[in-house]
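Enquirer:
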Amino acid sequence: MSTVTEREVSERTLRVYRFADLRRYSRGERLLIYAADLFFYWLIRAIGATVRYRVEGWENWEAASRDGGAPIYAFWHNRIFLATHFWQQRGIVVMTSQSRDGEYIARFIQRFGYGAARGSSTRGGVGALVEMVRLTRQGIPTAFTIDGPRGPRYVAKMGAVMLAKKTGQPILPFTIEAAHHIELSSWDRFQIPLPWTRATVRIAPPIYVPADADDALLEAKRAELQRALDRLTRDNARSLKCEPKGGGR
1 MSTVTEREVS ERTLRVYRFA DLRRYSRGER LLIYAADLFF YWLIRAIGAT
51 VRYRVEGWEN WEAASRDGGA PIYAFWHNRI FLATHFWQQR GIVVMTSQSR
101 DGEYIARFIQ RFGYGAARGS STRGGVGALV EMVRLTRQGI PTAFTIDGPR
151 GPRYVAKMGA VMLAKKTGQP ILPFTIEAAH HIELSSWDRF QIPLPWTRAT
201 VRIAPPIYVP ADADDALLEA KRAELQRALD RLTRDNARSL KCEPKGGGR
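Structural data, given as structure tokens:
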């Protein structure tokens, strides 16, 4: 039986921070991926540099990161823009889809120091979750756009809960609300902040999932995550004196 060497483990880990091979896409699709990647990278970099952030609940991040903790960040898909800018250069690995849209998202977040876990072409999301379990056990923080990649919008899925169960690491719910932003006509109403806007980052207490959690407890933890994100979204909208864009049941 072959032994996985330390060098091989390191190579597998570094792979998530590198651009994927795009040869499976047509020439036209590759051009679209390159264009979208660079457009969003420069847009996020330019606008993000002007945003005035205020953070609420930083002590919750400190609690989740204490003693070598590797938080499992959970947030809404339409907050990718500011989340990418705020949490950059921390080595966080994000689960991304294997679609064309997922590929350009993977590339522009990698430019900001994130990793992208895609899984194998045959196993899809299951393979990506296995990869994230391996990385989390190495102490690498991970993240989920918890209602992605295709919705329903503002409905938390089970991925972060399953990862927390398998690794013992805490889920860290957060949201970012820009006081002034535009919304695209996508399924998630993707938000693009306007330059010089104020934005509030709000972080909830970490959520832990026992290793022996059964289906009922897993669903209870998913519901707890849902409530936490709903509350964060509601509180952010109120603090910035803007109308909630959803997520506040």
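Heads up: the sequence shown at position 63 corresponds to 63 in the UniProt record's numbering, and the numbers run straight through without jumps. We put the beta carbon where it would ideally sit given N, CA and C, even for glycine. Remember, it's a predicted structure, so these values are computed and weren't measured experimentally.
(1) What is the rounded straight-line gap between the Cα of VAL16 and the Cα of THR142?
(2) Please confirm if the segment 46-57 is in contact with the segment 81-99, defined as three or more CB-CB distances below 8 Å between the two stretches.
(3) By the DSSP assignment, the beta strand (DSSP E) with GLN226 in it spans what residues?
(4) Is ALA199 near ILE176, with beta carbons less than 8 Å apart?
(5) Within 10 angstroms of its Cβ, does LEU163 collect 16 or more other Cβ (buried), or is it exposed?
(6) Which same chain residues, not among the five before or five after LYS166, have their C-beta less than 7 Å away from its C-beta?
(7) Cα-Cα, which of PRO170, THR13, PRO152, GLY68 is closest to PRO205?
(8) Assign VAL161 to one of three DSSP states: helix, strand, or coil.
(9) Tell me the DSSP bridge mates of SER198?
(10) Give me whichever residues DSSP pairs with MET95 in a beta bridge.
(11) Just to confirm the assignment, what range does the alpha helix (DSSP H) spanning HIS180 have?
(12) Taking buried to mean at least 16 other C-beta atoms within 10 Å of its own C-beta, is GLN98 buried or exposed?
(13) Just to confirm the assignment, what range does the alpha helix (DSSP H) spanning GLN110 have?
(14) I need the boundaries of the beta strand (DSSP E) containing ALA74, first residue and last residue.
(15) Output the distance between the C-alpha atoms of LYS149 and TYR73, rounded to the nearest integer angstrom.
(16) Tell me, which residues are paired with LEU172 by DSSP?
(17) What's the gap between the Cα of ALA223 and the Cα of ARG79?
(18) Taking the alpha carbon of LEU32 as the reference point, which residue from ALA216, ILE105, GLN110 has its own alpha carbon closest?
Expert: With the given structure in hand:
(1) Translated into the one-based positions of the sequence shown, residue 16 becomes position 16. Translated into the one-based positions of the sequence shown, residue 142 becomes position 142. Going from the Cα of VAL16 to the Cα of THR142 covers about 12 Å.
(2) yes
(3) As a working mapping, residue 226 is identified with position 226 in the sequence shown. Not the beta strand (DSSP E): GLN226 falls in the alpha helix (DSSP H), residues 215-239.
(4) Position 199 of the sequence shown, counting from 1, holds the residue named residue 199. Position 176 of the sequence shown, counting from 1, holds the residue named residue 176. Cβ distance < 8 Å, so ALA199 and ILE176 count as in contact.
(5) To locate residue 163, count along the sequence shown from 1; it is residue 163. Classification of LEU163: buried, given that the 10 Å Cβ count is 16 or more.
(6) Your numbering for residue 166 matches position 166 in the sequence shown. Contacts found: VAL133.
(7) As a first step, residue 205 must be located in the sequence shown, where it is residue number 205. It is PRO170.
(8) Position 161 of the sequence shown, counting from 1, holds the residue named residue 161. Helix, per DSSP.
(9) Mapped onto the sequence shown, residue 198 falls at position 198. For the sequence presented, residue 198 should be read as Arg rather than Ser. Per DSSP, ARG52.
(10) Walking along the sequence shown from the start, residue 95 turns up at place 95. Answer is ALA117, bridged to MET95.
(11) On the sequence shown, position 180 is the one that residue 180 refers to. It is not in any alpha helix (DSSP H) - HIS180 carries neither H nor E in the DSSP assignment.
(12) Locating residue 98 in the sequence shown gives position 98, counting from the first residue. The residue in question, GLN98, is buried, as its Cβ has 16 or more Cβ neighbours within 10 Å.
(13) Residue numbering aside, residue 110 sits at position 110 when the sequence shown is read from its first letter. Counting along the chain, the alpha helix (DSSP H) containing GLN110 begins and ends at 100-111.
(14) The residue labelled residue 74 in the question sits at position 74 within the sequence shown. Residues 72-75.
(15) Indexing the sequence shown from 1 puts residue 149 at position 149. Indexing the sequence shown from 1 puts residue 73 at position 73. Lys is not the amino acid found at residue 149; the sequence shown has Pro there. Each residue's Cα considered, the two are about 16 Å apart.
(16) Within the sequence shown, numbered from 1, the residue matching residue 172 stands at position 172. In the DSSP output, where bridge partners are listed per residue, LEU172 has TYR73.
(17) Here the question's residue 223 lines up with position 223 in the sequence shown. Here the question's residue 79 lines up with position 79 in the sequence shown. One C-alpha to the other measures close to 20 Å.
(18) Counting from 1 along the sequence shown, the entry for residue 32 is found at position 32. The shortest C-alpha separation from LEU32 is found at ILE105.
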